[in-house]
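Under numbering that gives the first Met the number 0, the first residue of the sequence shown is numbered 0, with each subsequent residue one higher.
Think of the CB as a built atom: it goes at the ideal place given N, C-alpha and C, for glycine as much as any other residue.
Let me begin by presenting the structure, written as C-alpha cells, before commenting on it.
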Amino acid sequence: MRTRKGLLIAVTACAAMFAGGAWAQLAPGFQMALMAEERPAEEKERDASRMPAEVLDFVGIGEGMTVLEAIAGGGWYTEVLSAAVGPEGTVYSQNAARFQERVGEMAAARAERLGNVEVIYTEGSAIDLPAPADAAFTALNLHDMANRGDEAGLAFLGGIYDALAPGGVFGIVDHTGIAGQDNAELHRMEASKARELIAQAGFTIEAESDILMNPDDDHTLRVFDPAIQGVTDRMLFRARKPE
Numbered sequence: 000m001r002t003r004k005g006l007l008i009a010v011t012a013c014a015a016m017f018a019g020g021a022w023a024q025l026a027p028g029f030q031m032a033l034m035a036e037e038r039p040a041e042e043k044e045r046d047a048s049r050m051p052a053e054v055l056d057f058v059g060i061g062e063g064m065t066v067l068e069a070i071a072g073g074g075w076y077t078e079v080l081s082a083a084v085g086p087e088g089t090v091y092s093q094n095a096a097r098f099q100e101r102v103g104e105m106a107a108a109r110a111e112r113l114g115n116v117e118v119i120y121t122e123g124s125a126i127d128l129p130a131p132a133d134a135a136f137t138a139l140n141l142h143d144m145a146n147r148g149d150e151a152g153l154a155f156l157g158g159i160y161d162a163l164a165p166g167g168v169f170g171i172v173d174h175t176g177i178a179g180q181d182n183a184e185l186h187r188m189e190a191s192k193a194r195e196l197i198a199q200a201g202f203t204i205e206a207e208s209d210i211l212m213n214p215d216d217d218h219t220l221r222v223f224d225p226a227i228q229g230v231t232d233r234m235l236f237r238a239r240k241p242e
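Set out below in C-alpha cells:
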C-alpha cells in the first residue's frame, strides 16, 4: 500500500551541498533502543508505517545533537529522537502548557526512563531553550496551526526558527491534503501551503521525500477515520535556518 522508493526530490540547489559532505549519523544502538522491552508495544507497531530511521536519516538528525521536538504530543517521536541522538545528545520535548495536565505524567515518566529528554511546557509561540538547538522536528502539527490562518502558522514556525541555531535543520511531517477539500475539517493541509509558510518563516527548503507517501489515501477522509488512521498520505520536508 505504501511506496518504498525513497525518492528524494531536491527543492533547492542547497540540497546538493549535503550530498557529498558530512552528515549526521543515527547513534549506535538506535534500532536496539526502538526494540527495547521498556518501549510500549503499541508504539513499536507504528514503526512500519512511520519509518523512523529513514525519516530521521533524511532530515539529518543524529548522534550528539540537541533537538527541539515542537508539540511532542504523546511522545512517540520523543522516543525515536532520543534513540537518534544517543546519550550524548539532548531532546527538548515541548508541548503547550495547556496540555500539561493531559500528557505531563506520561511525558515525565518517559523522560526519566530515557535519560536524555527534557520536557518543557510553553505559553504562546516562544520556546526558550538553554542554548539554540542543532535541529528541530515536528510531526502532524503544522496543519493544526496553519488551518487557523497564516498568522497562527507563521507564529508556530517562528518560535521554532528562533529556537534553532543558525544553520540548524528542521524536519516537518504532516498529513497531505488536496485542493477542493475542507482540509481544516479533515486535519490536513496542501503541500503548497506548507512550502509557502515554511519559506515565509525564513527557512530554506532543501528537499522533500516521498517515503511516507500513501497512494491509497484519496485525501477525502478525516485523518482519524479508522480506514486511514495511522497510514495517511504524508509529506516530509527538510528545511534549514540560514547561517
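CB contact flag (residue i, residue j, <8 Å)
i      : j      : result
ALA132 : THR65  : yes
GLY166 : ARG239 : yes
THR175 : MET105 : no
VAL168 : ARG237 : yes
GLU87  : GLY61  : no
SER48  : VAL222 : no
ALA83  : GLY59  : no
HIS142 : ILE177 : no
ASN182 : ASN140 : no
Residue i: CB within 7 Å of a non-hydrogen atom of the ligand HEM
i      : result
ASP173 : The ligand content of the structure shown is nil, which means the ligand HEM is not present either.
Local Cβ density within 10 Å of residue i, reported as buried at 16 or more and exposed below that
i      : result
ASP56  : buried
ARG248 : Here the chain has residues from 0 to 242 only, and residue 248 is not among them.
SER81  : buried
SER191 : exposed
PRO51  : buried
GLY20  : Reliability fails at GLY20, whose pLDDT of 35 lies under 50, so the model's placement of it is uncertain and no value is given.
PHE136 : buried
PHE202 : buried
PHE155 : buried
ASP224 : exposed
GLU189 : buried
GLU41  : exposed
GLU78  : buried
ALA18  : Residue confidence for ALA18 is low, a pLDDT of 34 falling below 50, so the modelled location carries little weight; the figure read from the coordinates is stated next. With fewer than 16 other Cβ atoms within 10 Å, it is exposed.
ARG101 : exposed
GLY74  : buried
ASP232 : buried
ARG38  : buried
ARG109 : buried
ALA138 : buried
Delimiting residues of the beta strand (DSSP E) encompassing residue i
i      : result
VAL205 : With the sequence shown as reference, residue 205 is identified as Glu, and Val is not the correct amino acid for it. Element bounds for GLU205: 203-208.
LEU67  : 65-68
Range covered by the alpha helix (DSSP H) that runs through residue i
i      : result
ALA32  : 29-33
THR89  : That residue, THR89, is in no alpha helix (DSSP H); its beta strand (DSSP E) goes 89-95.
MET144 : 141-145
LEU55  : 51-58
GLY238 : Rather than Gly, the amino acid found at residue 238 in this sequence is Ala. From DSSP, ALA238 is part of no alpha helix (DSSP H) but of the beta strand (DSSP E) over 233-239.
TRP22  : Here TRP22 belongs to no alpha helix (DSSP H), and DSSP marks it neither H nor E.
GLU78  : 75-84
GLU42  : 40-43
Inset, instruction - Let me know the alpha helix (DSSP H) ranges lying completely inside the region 103-139, each 4 residues or longer, listed in chain order. - result: none
Legend entry - Uninterrupted beta strand (DSSP E) stretches inside the region 160-210 (no shorter than 3 residues): 163-176 and 203-208
Inset, instruction - Answer yes if the region 85-92 comes into contact with the region 110-123, meaning at least three C-beta pairs across the two stretches below 8 Å, and no otherwise. - result: yes
Legend entry - Touch test, the region 125-143 against the region 161-179, Cβ-Cβ under 8 Å, three pairs minimum: yes
Inset, instruction - Evaluate the contact criterion for the region 31-42 versus the region 195-213: three or more CB pairs, one atom per stretch, below 8 Å. - result: no
Legend entry - Cβ contact check for the region 208-228 and the region 144-154: 3 or more pairs under 8 Å: no
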